[in-house]
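Residue 37 is where the sequence shown starts when you use the working numbering, and the numbers rise one by one after that.
Remarks on the structure that follows.
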Amino acid sequence: MLKVVHVVPKDVIGGVETAARTAASAVAPPDCFFTLLFIAGDVRSPRPVNAVPGPRWSLVNPFSHALALWRLFKLSPDVLICSIWWTVPLGITFKLFRRKTVVISFLHNESFVHRVDRFFTKAMNAIADEVWADSRATLDAILGKNSDKACRVISFLTARLQPASGQLRAPVHFVFWGRLAPQKAIDRAIAFFAKIRARYDDASFTIIGPDGGEKAKLVALVEQLAVADAVRFAGPAGHDELPEKAEGCAFFLQLSRHEGMAMSVIEAMQLGLVPIVTPVGEIPSYCKDGWNSLLMRDDEALGRVFRLIDEPALYNEIRRNALSTWTGQPLYTDEIFQSAREAFRRNSTCRPNT
37 MLKVVHVVPK
47 DVIGGVETAA
57 RTAASAVAPP
67 DCFFTLLFIA
77 GDVRSPRPVN
87 AVPGPRWSLV
97 NPFSHALALW
107 RLFKLSPDVL
117 ICSIWWTVPL
127 GITFKLFRRK
137 TVVISFLHNE
147 SFVHRVDRFF
157 TKAMNAIADE
167 VWADSRATLD
177 AILGKNSDKA
187 CRVISFLTAR
197 LQPASGQLRA
207 PVHFVFWGRL
217 APQKAIDRAI
227 AFFAKIRARY
237 DDASFTIIGP
247 DGGEKAKLVA
257 LVEQLAVADA
267 VRFAGPAGHD
277 ELPEKAEGCA
287 FFLQLSRHEG
297 MAMSVIEAMQ
307 LGLVPIVTPV
317 GEIPSYCKDG
327 WNSLLMRDDE
337 ALGRVFRLID
347 EPALYNEIRR
357 NALSTWTGQP
367 LYTDEIFQSA
377 REAFRRNSTC
387 RPNT
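See below:
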């Protein structure tokens, strides 16, 4: 039986963690045993069957990493998948002792967060047997288009979501979900929404997600732009709550500065929301401007949003196209299991650890 372990720093609300949890909750193929290992912190409820929590210590505590390494040796994986730079020292150390293990560097963003991220990620990519990513844009940005490293793009479609009722009606509701972090440029989205609110008095914008260090600044911006009565910070929400949160909303507003696959945009499209997004990361590969979404390329974007609001027939056409975009696409769990099998086979020096 092929033993696969995916290591993630901790279980927070985010695209990486949500996707990893779906694999740990799924019924694995009979020839594969999958474990999700967290370095630090407990596992959020509902706890996936095959998730191993970390200790209640900080990620900066070396004992958290030492315990995770000990657990890795006990699990003795044939394939080890490492996500986010915090897992790099663990992955490299394990590879030095278990050279037969196939180590995967799993990338999730087309840019580095800071210099430490850059250093560790590049080190991991060098030692890894293969590099996976959530998008071709991420691979090209981090490795370069001419890299000879074995690479693979993994689908980040984690679930098939049922759309909300979705007919455009007044008042017009905008929504965003994701971490309130600088990368997401929520300040830019709020400023854009303020221009919409100036024309449509009953428009609203709901922002869903945990604070990633930006909330205080965003609340101040909302006050400054005089849209406090129209913008609501709803706090974090579970993945299973998204259909309910999307009910009655028309647009998903996300003007990120950089992205990988942008799982939240995929979720929004499945739920029947029309994305208003920036063309960063992999987004332009599936968001086709004017067909299933609106891409923020220039100053004319605001007028195009006005047109969609004023012409329900045009809005509904774009909404239908957004819904059809992900019909029949492979799920994340299927791709993870299949990719792990193929990675193991491709690396001829790899044999099951004993």
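Note that beta-carbon positions come from the ideal geometry of N, C-alpha and C, so glycine has one too.
No experiment lies behind these values; they were computed from the predicted model shown.
Query: Of the listed residues Pro-45, Pro-89 and Trp-213, nearest to Pro-125 (C-alpha basis); Result: Pro-45
Query: Beta-carbon proximity list for Trp-168, same chain, < 8 angstroms, skipping 5 on both sides; Result: Ile-117, Ile-140, Ser-141, Phe-142, Leu-143, Cys-187, Arg-188, Val-189, Ile-190 and Ser-375
Query: Coil, strand or helix - Lys-39 by DSSP; Result: strand
Query: Span separating the alpha-carbon of Glu-295 from that of Pro-98; Result: 30 angstroms
Query: Opening and closing residue of the alpha helix (DSSP H) in which Gly-271 lies; Result: Looking at the DSSP string, Gly-271 is not in any alpha helix (DSSP H); the run it does join, the beta strand (DSSP E), is 267-271.
Query: For Thr-71, the three-state DSSP class (helix, strand or coil); Result: strand
Query: Inter-residue Cα distance where the pair is Thr-314 and Ser-292; Result: 6 angstroms
Query: Every unbroken beta strand (DSSP E) inside the stretch 64-152 [3 residues or more]; Result: 68-74, 115-119 and 138-143
Query: At least 3 beta-carbon pairs within less than 8 angstroms: the stretch 74-90 vs the stretch 48-63; Result: yes
Query: Residue nearest to Ile-75 in terms of C-alpha spacing, selected from Phe-192, Arg-107, Phe-130 and Leu-289; Result: Arg-107
Query: Exposure of Met-299, with buried meaning 16 or more beta-carbon neighbours within 10 Å; Result: buried
Query: Segment contact, 8 angstroms Cβ cut-off, at least three pairs: the stretch 335-347 with the stretch 226-237; Result: yes
Query: Cβ distance (whole Å) where Pro-279 is taken to contact Gln-219 below 8 angstroms; Result: About 25 angstroms separates the two Cβ atoms, so there is no contact after all.
Query: Where Val-167 sits in the DSSP three-state scheme; Result: strand
Query: Neighbour-count burial assignment, Ile-120, 16 or more Cβ in a 10 Å radius; Result: buried
Query: Contacting residues, own chain, Cβ-Cβ under 8 angstroms from Ser-94 (five flanking each side not counted); Result: Ala-76 and Ser-100
Query: Where Thr-314 falls: helix, strand or coil (DSSP); Result: coil
Query: Under 8 angstroms between C-beta atoms of Leu-359 and Gly-308; Result: yes
Query: Straight-line Cα distance separating Arg-57 from Arg-343; Result: 40 angstroms
Query: When Leu-216, Met-305, Phe-156 and Asp-165 are compared against Pro-246, the one with the closest alpha-carbon; Result: Leu-216
Query: Segment contact flag, the stretch 327-334 with the stretch 176-187, C-beta cutoff 8 angstroms, min 3 pairs; Result: no
Query: Beta-carbon contacts of Ile-368 that lie in its chain and below 8 angstroms, excluding the five residues immediately before and after; Result: The question names Ile, but residue 368 in the sequence shown is Tyr. Ala-55, Thr-58, Ala-59, Ile-190, Ser-191, Phe-192, Leu-193 and Thr-194.
Query: For Ile-49, the three-state DSSP class (helix, strand or coil); Result: coil
Query: For Cys-386, the three-state DSSP class (helix, strand or coil); Result: Per-residue confidence for Cys-386 stands at a pLDDT of 47, beneath the threshold of 50, marking its modelled position as unreliable; no derived number is given.
Query: Alpha-carbon spacing of Val-267 relative to Phe-287, whole angstroms; Result: 14 angstroms
Query: Nearest candidate by alpha-carbon position, reference Ile-243, set Arg-233, Arg-355 and Gly-271; Result: Gly-271
Query: Whether Val-115 touches Leu-38 by CB criterion (8 angstroms); Result: yes
Query: Outcome for Phe-380 when other beta-carbon atoms lying within 10 angstroms are tallied against a minimum of 16; Result: buried
Query: Euclidean distance between Cα positions of Pro-388 and Val-138; Result: Residue confidence for Pro-388 is low, a pLDDT of 49 falling below 50, so the modelled location carries little weight; the figure read from the coordinates is stated next. Approximately 10 angstroms, taken between the alpha carbons.
Query: Close beta carbons around Arg-233, own chain, < 6 angstroms, minus the five adjacent residues each side; Result: Ala-239, Val-263 and Ala-266
Query: Exposure of Arg-235, with buried meaning 16 or more beta-carbon neighbours within 10 Å; Result: exposed
Query: Val-40 beta carbon less than 8 angstroms from that of Pro-113; Result: yes
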